[in-house]
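Student:
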Amino acid sequence: MKINIERLKSSLINLGKIGYEEGKGITRSAFTPEYEEAKAFVKKLMEEAGLDVYQDPVGNLFGRLDGKDKNKSILLGSHIDSVPNGGMFDGNLGVLAGIECIRTLKENNYAPKHSIEVVAFIGEEGTEVGGTFGSRVFSGEFKAEKGDLDYLKTVGITEEDLLKAKRNPETLKCYLELHIEQGNILNTENFSIGVVQGIVGIAQYNAKVRGKANHAGTTPMNLRDDALVKASRVILKINEIVNKFGSPMVGTVGYIKAYPGAVNVIPGVVEFTIELRDMDRKRVLDAMEMIMESCNNLDLEVESLGFEWEVNLDEGMQKLIEESCMDLNYSYKYMVSGAGHDANPLSKITPSGMIFIPSKDGISHSPDEWSDWADVEKGANVLLNTVLKVDGGFDI
Ligand code: HGY
Ligand code: MN
Ligand code: MN
130 MKINIERLKS SLINLGKIGY EEGKGITRSA FTPEYEEAKA FVKKLMEEAG LDVYQDPVGN
190 LFGRLDGKDK NKSILLGSHI DSVPNGGMFD GNLGVLAGIE CIRTLKENNY APKHSIEVVA
250 FIGEEGTEVG GTFGSRVFSG EFKAEKGDLD YLKTVGITEE DLLKAKRNPE TLKCYLELHI
310 EQGNILNTEN FSIGVVQGIV GIAQYNAKVR GKANHAGTTP MNLRDDALVK ASRVILKINE
370 IVNKFGSPMV GTVGYIKAYP GAVNVIPGVV EFTIELRDMD RKRVLDAMEM IMESCNNLDL
430 EVESLGFEWE VNLDEGMQKL IEESCMDLNY SYKYMVSGAG HDANPLSKIT PSGMIFIPSK
490 DGISHSPDEW SDWADVEKGA NVLLNTVLKV DGGFDI
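First residue of the sequence shown? That's 130 in the numbering used here, and the numbers climb one at a time after it.
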């Protein structure tokens, strides 16, 4: 039994048109009109596949094929929201391949023992309430703070909705997510499939450096307290310390803004973000401590935006994914994910597995994100075959 790559390819291309701007990629943040248009498109695909379609109270979208044991679901999924100017495979692949797998099972008159569901989790890429929002609510991990509820109210979500959207883990057999690697390992080492062992931990912070706004023409260099010069020293320090800790740690300053932001005013305040990732939360916290100590004379203030610590994925699921690769004669490699995923919160409530396919030149979160259709097909076939193995069905 194999998936229909032409059908999967056409749904990926068509979904990729929503929120797309020529030369700028896809911008489709959660709770925006583009996101709602994409959700309507996926909902239609689920209905065409003959699935029971429903949304939970926070906007996670589900399509379901009942199994003999209705109350235990194999859950497939990912997300359809994007970063600004993102690519057409990140997240979308996992949702659309999930639908394709169920369509293929139905076309082959396969009657699943377990129900099979596919989900598009909302807000994986980060919203005002952090990343993996929909999957953290679903898994019960999301704990709303005061400011969160004020924001969520603006998008029509109440505290009661958060409680109602929490899934009873007893109704889940497992979670499986097909995703692009977003890095360059499979590509450079020439493997078709990544069997994901774990997902890196992510710590994000808002940082602020204060100086003294002043006239850019009349303030001599030796009398300046330039917030942007000081922030630059902090950013170089972050880079130096993260390099000292070494791989797999990475550190990024992805956003920076100088105030008042005028060409002829010495910046008085600079705000920027700091993000550290590693497979060991202690290393992240040690690195952050080192950064604070080494910048204590640069008027640096830091506020945590939250953590999604590292997880190890279920070994049983990894084994089934590996067996699927062997059945299908696809080359594969065990590896860790440097990107965060919905499988992180899911792994805390049900056995979870992730399947990677190569990203061309390791590029992602960019209009240049690309995966070859042959790899898309292989990834979706591994997903299908792993579903059959979990369901206790026949092999291909
Ligand atoms: O940031 C990440 O790793 C994911 O793409 N949200
Ligand atoms: Mn992403
Ligand atoms: Mn993703």
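Just so you know, even glycine gets a beta-carbon here, dropped at the ideal spot from N, CA and C. Treat the numbers as computed from the prediction; the structure is a model and nothing was measured.
Using the Cα positions of residue 439 and residue 382, report the straight-line distance between them to the nearest angstrom.
Tutor: Translated into positions along the sequence shown, residue 439 becomes position 310. Translated into positions along the sequence shown, residue 382 becomes position 253. Each residue's Cα considered, the two are about 20 Å apart.
Student: Could you say which of 442, 356, 238 lies nearest to residue 305 if we only look at CA atoms?
Tutor: Walking along the sequence shown from the start, residue 305 turns up at place 176. Taking only the C-alpha atoms, the option nearest residue 305 is 442.
Student: Would you please state the rounded distance, in angstroms, between the beta carbons of residue 477 and residue 321? I believe it to be under 8 Å.
Tutor: Numbered from its first residue, the sequence shown carries residue 477 at position 348. Numbered from its first residue, the sequence shown carries residue 321 at position 192. About 29 Å separates the two Cβ atoms, so there is no contact after all.
Student: Could you check what DSSP says for residue 233 in three-state terms: helix, strand or coil?
Tutor: Within the sequence shown, numbered from 1, the residue matching residue 233 stands at position 104. It is helical.
Student: Would you list the residues sitting across from residue 143 in a DSSP beta bridge?
Tutor: The sequence position of residue 143 within the sequence shown is 14, counting from 1. Looking at the DSSP assignment, residue 143 forms no beta bridge with any residue, so it has no partner.
Student: Between residue 186 and residue 180, what straight-line distance do the alpha-carbon atoms span, to the nearest angstrom?
Tutor: Taking the sequence shown and counting its residues from 1, the one referred to as residue 186 is at position 57. Taking the sequence shown and counting its residues from 1, the one referred to as residue 180 is at position 51. One C-alpha to the other measures close to 19 Å.
Student: To the nearest angstrom, how far is the alpha carbon of residue 523 from that of residue 233?
Tutor: The residue labelled residue 523 in the question sits at position 394 within the sequence shown. The residue labelled residue 233 in the question sits at position 104 within the sequence shown. Residue placement at residue 523 cannot be trusted, given a pLDDT of 48 that sits under 50; what the coordinates show is reported in the next sentence. Using only the alpha carbons, I get a separation of about 14 Å.
Student: Who does residue 395 pair with in a DSSP beta bridge?
Tutor: Sequence index remark: in the sequence shown, residue 395 carries index 266 (1-based). The partner list for residue 395 (beta bridge, DSSP) reads 343.
Student: Is the beta carbon of residue 497 within less than 8 Å of some heavy atom of ligand 3?
Tutor: Position 368 of the sequence shown, counting from 1, holds the residue named residue 497. No; taking the cut-off as 8 Å, the Cβ of residue 497 has no heavy atom of ligand 3 nearer than that.
Student: Could you check if residue 468 belongs to the surroundings of ligand 2, using beta carbon to heavy atom distance under 8 Å?
Tutor: Numbered from its first residue, the sequence shown carries residue 468 at position 339. Correct: residue 468 has its Cβ closer than 8 Å to ligand 2.
Student: To the nearest angstrom, how far is it from the Cα of residue 462 to the Cα of residue 283?
Tutor: Numbered from 1 along the sequence shown, position 333 holds the residue referred to as residue 462. Numbered from 1 along the sequence shown, position 154 holds the residue referred to as residue 283. Roughly 44 Å separates the two Cα atoms.
Student: Determine the closest residue to residue 318 out of 224, 518, 296, 488, with distance taken between C-alpha atoms.
Tutor: Taking the sequence shown and counting its residues from 1, one reaches residue 318 at position 189. Measuring from the Cα of residue 318, the nearest candidate turns out to be 488.
Student: Rounded to a whole number of angstroms, what is the C-alpha to C-alpha distance between residue 367 and residue 333?
Tutor: As a first step, residue 367 is located in the sequence shown; it is residue number 238 there, counting from the start. As a first step, residue 333 is located in the sequence shown; it is residue number 204 there, counting from the start. If I take the Cα positions, the gap works out to 13 Å.
Student: Taking only heavy atoms of ligand 2 into account, decide whether any of them is closer than 8 Å to the Cβ of residue 491.
Tutor: Along the sequence shown, read from residue 1 onward, the residue named residue 491 stands at position 362. No, ligand 2 has no heavy atom inside 8 Å of this Cβ.
Student: Note down the Cα distance separating residue 223 from residue 350, rounded to an integer number of angstroms.
Tutor: In the sequence shown, residue 223 corresponds to position 94, counting from 1. In the sequence shown, residue 350 corresponds to position 221, counting from 1. For residue 223 and residue 350, the distance between alpha carbons rounds to 54 Å.
Student: Per DSSP, residue 441 is paired with what?
Tutor: Taking the sequence shown and counting its residues from 1, one reaches residue 441 at position 312. Answer is 327.
Student: What I want to know is whether the C-beta of residue 437 ends up closer than 8 Å to one or more non-hydrogen atoms of ligand 2.
Tutor: Within the sequence shown, residue 437 is the residue found at index 308, counting from 1. Residue 437: no, Cβ never under 8 Å from ligand 2.
Student: Could you check whether the Cβ of residue 254 sits closer than 8 Å to any heavy atom belonging to ligand 1?
Tutor: What you label residue 254 is simply residue 125 of the sequence shown in a count that begins at 1. Correct: residue 254 has its Cβ closer than 8 Å to ligand 1.
Student: Return the residue from the list 191, 177, 435, 511 that minimises the CA-CA distance to residue 296.
Tutor: In the sequence shown, the residue the question calls residue 296 occupies position 167. That would be 191, whose Cα lies nearest to the Cα of residue 296.
Student: Taking one C-beta from the region 326-340 and one from the region 387-405 each time, how about it: are there three or more such pairs within less than 8 Å?
Tutor: yes
Student: Which stretch, first to last residue, makes up the alpha helix (DSSP H) that contains residue 181?
Tutor: As a working mapping, residue 181 is identified with position 52 in the sequence shown. Note, residue 181: premise wrong, no alpha helix (DSSP H); beta strand (DSSP E) at 181-184.
Student: Quick one: is residue 344 buried, meaning 16 or more other Cβ sit within 10 Å of its Cβ, or exposed?
Tutor: Taking the first residue of the sequence shown as position 1, residue 344 is located at position 215. Answer is exposed; the Cβ neighbour count stays below 16.
Student: Taking any heavy atom of ligand 3 as the mark, which residues have a C-beta closer than 5 Å to it, listed down the chain?
Tutor: 219, 220
Student: Considering only heavy atoms of ligand 2, does any lie closer than 8 Å to the CB of residue 215?
Tutor: Within the sequence shown, numbered from 1, the residue matching residue 215 stands at position 86. Answer for residue 215: yes, Cβ within range of ligand 2.
Student: How about residue 340: is its Cβ closer than 8 Å to a heavy atom in ligand 1?
Tutor: For the purposes of this step, residue 340 is identified with residue 211 of the sequence shown, where counting begins at 1. For ligand 1, not one heavy atom lies less than 8 Å from the Cβ of residue 340.
Student: Could you tell me the boundaries of the alpha helix (DSSP H) in which residue 196 lies?
Tutor: Stepping through the sequence shown from its first residue, residue 196 is reached at position 67. Run containing residue 196: none; DSSP gives neither H nor E here.
Student: Can you give me the C-alpha to C-alpha distance between residue 312 and residue 474, rounded to a whole angstrom?
Tutor: Here residue 312 is taken as the residue at index 183 of the sequence shown, counted from 1. Here residue 474 is taken as the residue at index 345 of the sequence shown, counted from 1. Rounded to whole angstroms, residue 312 and residue 474 show a C-alpha spacing of 21 Å.
Student: So, with DSSP's three-state summary, where would you put residue 157?
Tutor: To locate residue 157, count along the sequence shown from 1; it is residue 28. In this structure, residue 157 counts as coil in the three-state DSSP scheme.
Student: Once the 5 residues before and after residue 416 are set aside, which same chain residues still bring their CB inside 7 Å of it?
Tutor: Residue numbering aside, residue 416 sits at position 287 when the sequence shown is read from its first letter. Cβ within range, chain order: 370, 371, 374, 378, 405.
Student: What I want to know is whether the C-beta of residue 325 ends up closer than 8 Å to one or more non-hydrogen atoms of ligand 2.
Tutor: For the purposes of this step, residue 325 is taken as the residue at position 196 of the sequence shown. Residue 325: no, Cβ never under 8 Å from ligand 2.
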